[in-house]
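Protein chains: 2
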Amino acid sequence: MKKKVALGIDIGGTNTALGLVDSSGRFVYEETFATCAHESFALFRSRLSEKIHALCERFAGDYVLTGIGAAAPTGNYYRGTIESPSNFKWGNVEFVSLMQEHYDLPIVITNDANAAALGEMRYGEARSMHNFMVVTLGTGVGSGIVVNGDLVYGHDGLAGELGHTIVEPQGRQCACGRRGCLEAYASARGICRTVFELLSMHTDDSEFRYISFNALSAEMIYQFALRGDHLALAAFEYTGRILGRALADAAAYFSPQAIIIFGGLAQAGNFLLDPVRRHFDENLLNVYKGKVQILPSQKNKGNLAVLGASVLVQKELEKMGKLAAQ
Amino acid sequence: MKKKVALGIDIGGTNTALGLVDSSGRFVYEETFATCAHESFALFRSRLSEKIHALCERFAGDYVLTGIGAAAPTGNYYRGTIESPSNFKWGNVEFVSLMQEHYDLPIVITNDANAAALGEMRYGEARSMHNFMVVTLGTGVGSGIVVNGDLVYGHDGLAGELGHTIVEPQGRQCACGRRGCLEAYASARGICRTVFELLSMHTDDSEFRYISFNALSAEMIYQFALRGDHLALAAFEYTGRILGRALADAAAYFSPQAIIIFGGLAQAGNFLLDPVRRHFDENLLNVYKGKVQILPSQKNKGNLAVLGASVLVQKELEKMGKLAAQ
Chain A
0 MKKKVALGID
10 IGGTNTALGL
20 VDSSGRFVYE
30 ETFATCAHES
40 FALFRSRLSE
50 KIHALCERFA
60 GDYVLTGIGA
70 AAPTGNYYRG
80 TIESPSNFKW
90 GNVEFVSLMQ
100 EHYDLPIVIT
110 NDANAAALGE
120 MRYGEARSMH
130 NFMVVTLGTG
140 VGSGIVVNGD
150 LVYGHDGLAG
160 ELGHTIVEPQ
170 GRQCACGRRG
180 CLEAYASARG
190 ICRTVFELLS
200 MHTDDSEFRY
210 ISFNALSAEM
220 IYQFALRGDH
230 LALAAFEYTG
240 RILGRALADA
250 AAYFSPQAII
260 IFGGLAQAGN
270 FLLDPVRRHF
280 DENLLNVYKG
290 KVQILPSQKN
300 KGNLAVLGAS
310 VLVQKELEKM
320 GKLAAQ
Chain B
0 MKKKVALGID
10 IGGTNTALGL
20 VDSSGRFVYE
30 ETFATCAHES
40 FALFRSRLSE
50 KIHALCERFA
60 GDYVLTGIGA
70 AAPTGNYYRG
80 TIESPSNFKW
90 GNVEFVSLMQ
100 EHYDLPIVIT
110 NDANAAALGE
120 MRYGEARSMH
130 NFMVVTLGTG
140 VGSGIVVNGD
150 LVYGHDGLAG
160 ELGHTIVEPQ
170 GRQCACGRRG
180 CLEAYASARG
190 ICRTVFELLS
200 MHTDDSEFRY
210 ISFNALSAEM
220 IYQFALRGDH
230 LALAAFEYTG
240 RILGRALADA
250 AAYFSPQAII
260 IFGGLAQAGN
270 FLLDPVRRHF
280 DENLLNVYKG
290 KVQILPSQKN
300 KGNLAVLGAS
310 VLVQKELEKM
320 GKLAAQ
């Protein structure tokens with residue numbers, strides 16, 4: 000008898016990862032190709048379809064494909080759309096209905112933070128948890144929130160915009176057009192802005208004084224911190240203070256069992272996690288103290304979103320099964 | 000055949016309301032008595048039991064009691080407890096297990112904001128909604144949050160502490176021991192504090208200059224606003240600015256269809272709602288604009304929490320029915 004696999008797709012601004020994942024979370028196959036987000040979606044779709052077609056031919060002997068799950072920035076579960084993500088030249092894309100022209104299978108999409116949460120819930124740190132959050136720290140700041148064992152999509156599929164809660168009224172300009180959003184502080188770009196704020200405020204000597212804004216990256220800040228640069232350490236402390244306080248607010252809304260930190264900036268490990276945990280505890284309402292863990296994700300990026308996208312397919316099939324049984 | 004009714008109880012700091020509610024939300028009977036929260040819980044329980052006993056005798060001919068639902072500050076659904084609410088001398092109370100010594104019926108408890116949300120969902124403004132929030136503005140600021148049609152309890156039953164999200168870092172002292180919580184601004188006491196801040200900042204003449212802090216009430220501020228007092232109007236504007244921004248953050252987490260405003264301070268109507276709506280819109284992330292309604296509750300306090308407590312019983316019975324069917 001053929002084994003069932005779901006196809007998980009993680010569509011990123013730079014690369015797209017594909018994986019055939021069985022029902023125990025094992026990767027039967029995985030592959031990565033360039034998204035070329037500056038080209039049209041039509042071109043992307045034809046490349047993606049070729050890949051899927053090749054996969055289906057190659058694995059048809061041993062496996063049966065149960066569905067396709069995708070994770071993409073602004074991916075909307077309810078509408079099946081990708082909605083003009085920044086860094087993409089795609090505009091609004093009817094992802095699910097366009098893909099369904101080719102495949103008579105359940106096809107579902109959600110955003111990357113939600114997929115990460117599904118991946119953590121079924122195969123990662125959040126196994127056995129019913130109330131938790133995944134916070135993604137990368138180019139942007141996102142969150143996938145699970146309540147009563149289900150993702151929080153909200154009324155229109157756009158819930159979980161932790162990165163656009165306001166942490167500093169009248170604070171830094173944000174790409175969204177407003178001011179003081181968490182994303183302007185706790186993203187990869189945000190910590191670079193913090194370094195420049197610290198350079199303006201203090202007189203300490205630092206390697207950063209030789210680097211232009213556009214030449215600076217979060218990775219460099221991590222490298223400088225490893226070498227003991229005071230400003231780099233202060234930048235992580237500053238970021239941890241803002242993020243820790245924001246997560247204490249999130250805990251007041253959701254009372255989660257854990258908050259799992261994931262994404263590029265999270266690679267800085269304890270440089271970031273130590274101040275996040277300290278300021279989280281300081282700002283946490285008494286009734287939650289000692290009850291909410293701040294955990295680093297144990298998964299790497301591509302893997303987790305693809306896994307999560309495959310879980311989205313499994314959940315969709317379970318839902319269809321339940322409806323059919325009614 | 001006897002008609003089914005649930006007993007809803009709203010335990011407030013001053014009064015406790017009881018209601019026998021049928022499955023269509025009709026009150027068969029209602030009554031209010033003094034809580035006497037400064038006495039022991041044992042005394043309260045014996046008075047409550049007498050009332051319930053009398054009700055059961057009186058209505059036994061025509062009705063059958065399906066369960067008891069209670070709403071109380073800090074009421075914890077998971078643990079069945081009331082957990083040392085401020086203004087009560089009760090400490091931690093095992094409400095459900097103590098009541099079950101007398102009644103062989105499903106007995107459930109939740110906090111008052113959650114009960115209000117259940118009441119709105121089944122009989123009020125939120126009929127047909129699956130994602131919305133009820134915000135209670137009274138002595139404290141609370142919230143009952145519904146996601147995917149279910150209340151958000153969180154991991155330990157203590158979710159929804161909107162009043163203790165931090166809106167002004169290093170801002171006003173809050174009763175919880177921290178600083179800058181929404182409750183220090185948007186509660187009945189919070190708006191009194193705002194009047195005193197405005198008196199300190201401005202030189203306008205105002206009736207408020209003849210009133211001591213402890214003599215001032217939110218009701219007086221409303222009465223002064225009706226008479227056109229500039230400081231009273233400015234106090235509502237200030238409150239609306241803080242609350243509107245906080246609700247914009249809440250919308251970023253939950254993407255709700257509506258936020259329903261309820262409780263004592265909400266009685267000020269458009270004095271409060273106009274600035275709340277304006278600042279909510281100004282602070283709302285673009286993707287949510289025009290999608291989230293800010294609505295005043297159409298229910299009065301006692302009624303809504305009792306109704307909601309009766310809904311809690313209905314939901315419990317539905318859940319038990321589903322479990323039994325599995």
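Note that the protein sequences, when read in sequence, are chains A and B.
The opening residue of the first sequence carries number 0 in numbering that gives the first Met the number 0; numbering runs sequentially from there.
The opening residue of the second sequence carries number 0 in numbering that gives the first Met the number 0; numbering runs sequentially from there.
The beta carbon of each residue, even a glycine, is placed where N, CA and C say it ideally should be.
Quantities reported herein were computed from a predicted structural model and do not represent experimental measurements.
Which first and last residues belong to the alpha helix (DSSP H) in which B/Gly-243 is found?
B/Gly-243 -> alpha helix (DSSP H) spans 229–253.
Reference B/Ile-259, options B/Asp-203, B/Asn-130, B/Arg-178, closest by Cα:
Comparing Cα-Cα distances from B/Ile-259 to each of B/Asp-203, B/Asn-130, B/Arg-178, the minimum goes to B/Asn-130.
By DSSP's criteria, B/Gly-143 is part of a beta bridge. Which residues make up the other side?
B/Val-133.
9 Å Cβ cut-off: residues of chain B touching A/Tyr-77
Those within 9 Å of A/Tyr-77 in chain B number zero; the least Cβ separation is about 10 Å.
I want to see whether chain A comes within less than 7 Å of B/Thr-284, judged by CB atoms only; does it?
In the sequence under discussion, the amino acid at residue 284 of chain B is Leu, which differs from the Thr named in the question. At a cut-off of 7 Å between beta carbons, B/Leu-284 contacts chain A.
Is the beta carbon of A/Lys-3 less than 7 Å from the beta carbon of A/Ser-22?
Their beta carbons are under 7 Å apart, which means A/Lys-3 touches A/Ser-22 by this criterion.
Taking 7 Å as the CB-CB cut-off, is A/Cys-173 touching chain B?
Not closer than 7 Å to any Cβ of chain B, the Cβ of A/Cys-173 fails to qualify, so no.
List the residues that DSSP assigns as beta-bridge partners of B/Glu-82.
Here B/Glu-82 is bridged, per DSSP, to B/Asn-91.
Looking at the structure shown, is A/Glu-119 part of a helix, part of a strand, or coil, going by DSSP?
Residue state, collapsed to three classes: helix.
If you check the beta carbons only, do B/Pro-72 and B/Asp-111 fall under 7 Å apart?
In contact: B/Pro-72 and B/Asp-111 (Cβ atoms closer than 7 Å).
Determine, for B/Tyr-252, whether the minimum Cβ-Cβ distance to residues of chain A falls below 7 Å.
So yes, B/Tyr-252 belongs to the interface.
Does the CB of B/Pro-255 have a neighbour CB from chain A at under 7 Å?
Interface residue, yes.
Would you list the one or two residues that DSSP bridges to A/Glu-29?
A/Gly-18, per the DSSP bridge assignment.
Might you give, ordered along the chain, the residues of its own chain that have their beta carbon closer than 6 Å to the beta carbon of A/Arg-126, omitting 5 neighbours on each side?
If the five residues before and after A/Arg-126 are omitted, its C-beta is found closer than 6 Å to no C-beta atom of its own chain.
Could you round the C-beta distance between A/Lys-298 and A/Gly-123 to whole angstroms and report it? I think they count as a contact, below 8 Å.
Rounded, the Cβ-Cβ distance is 5 Å, consistent with contact.
Less than 7 Å between the beta carbons of A/Gly-7 and A/Ser-309, yes or no?
Yes. Within cutoff.
Determine whether the beta carbon atoms of A/Thr-164 and B/Ala-214 lie at a separation below 7 Å.
No.
Along the region 156–171 of chain A, where does the CB come closer than 9 Å to a CB of chain B? Name the residues.
Result list: Gly-156, Leu-157, Ala-158, Gly-159, Glu-160, Leu-161, Gly-162, His-163, Thr-164, Ile-165, Val-166, Glu-167, Pro-168.
When burial is assigned at 16 or more other CB atoms within 10 Å of the CB, is A/Leu-322 buried or exposed?
Taking every protein chain shown into account, the CB of A/Leu-322 has fewer than 16 other CB atoms within 10 angstroms, so this residue is exposed.
Mind checking which residues open and close the alpha helix (DSSP H) that includes A/Leu-197?
For A/Leu-197, the enclosing alpha helix (DSSP H) covers residues 187–200.
Are any of the Cβ atoms in chain B nearer than 7 Å to that of A/His-278?
By this cut-off, A/His-278 is not an interface position.
Closest to A/Arg-240 by CA distance: which of A/Leu-225, A/Gln-313, A/Phe-279 is it?
It is A/Phe-279 whose Cα lies nearest to the Cα of A/Arg-240.
Taking only beta-carbon atoms, is B/Gly-320 less than 7 Å away from chain A?
Chain A, which has no Cβ nearer than 7 Å to the Cβ of B/Gly-320, makes this no.
Our contact map puts B/Arg-244 next to B/Asn-269 with C-beta atoms below 8 Å; I'd like the distance itself, whole angstroms only.
With 8 Å as the limit, B/Arg-244 and B/Asn-269 do not qualify as a contact, their Cβ atoms being about 19 Å apart.
State yes or no: is the beta carbon of B/Lys-290 nearer than 7 Å to at least one beta carbon in chain E?
The chain inventory of the structure shown lacks chain E, comprising the protein chains A and B.
Please work out which residues of its chain come closer than 8 Å, Cβ to Cβ, to B/Val-166, disregarding the five sequence neighbours upstream and downstream, and give them in chain order.
The residues are Gly-179, Cys-180, Leu-181, Tyr-184, Ile-241, Arg-244, Ala-245.
Strictly below 7 Å CB to CB, what residues from chain B border A/Asn-147?
Under the 7 Å cutoff, chain B gives Asp-149.
Closer than 7 Å by beta-carbon distance: list the chain A residues that pair up with B/Asn-130, in chain order.
The answer, in chain order, is Gly-153, His-154.
Inspect the CB distances between the region 134–145 of chain A and the region 25–38 of chain B and report whether three or more fall short of 8 Å.
With a cut-off of 8 Å, the region 25–38 of chain B and the region 134–145 of chain A do not count as touching, because too few Cβ pairs lie within range.
CB contact check: B/Asp-248 to chain A, cutoff 7 Å:
Using a Cβ-Cβ cut-off of 7 Å, B/Asp-248 counts as an interface residue toward chain A, since at least one Cβ of chain A sits closer than that to its own.
By the criterion of Cβ-Cβ separation under 8 Å, what are the contact partners of A/Arg-244 in chain B?
The contacting residues are Ile-165, Pro-168.
For B/Val-275, tell me which candidate among B/Tyr-237, B/Gly-307, B/His-154 has the shortest Cα-Cα distance.
The option with the nearest alpha carbon to B/Val-275 is B/Tyr-237.
Taking the straight line between their C-alpha atoms, what separation do you get for A/Ala-231 and A/Arg-46?
The alpha-carbon atoms of A/Ala-231 and A/Arg-46 are separated by roughly 42 Å.
Which bits of chain A does B/Gly-176 rub up against, with CB to CB less than 8 Å?
Correct list: Asn-285.
The alpha helix (DSSP H) that contains B/Arg-58, what's its start and end?
Note that residue 58 of chain B corresponds to Phe in the displayed sequence, not to Arg. Its alpha helix (DSSP H) spans residues 40–58.
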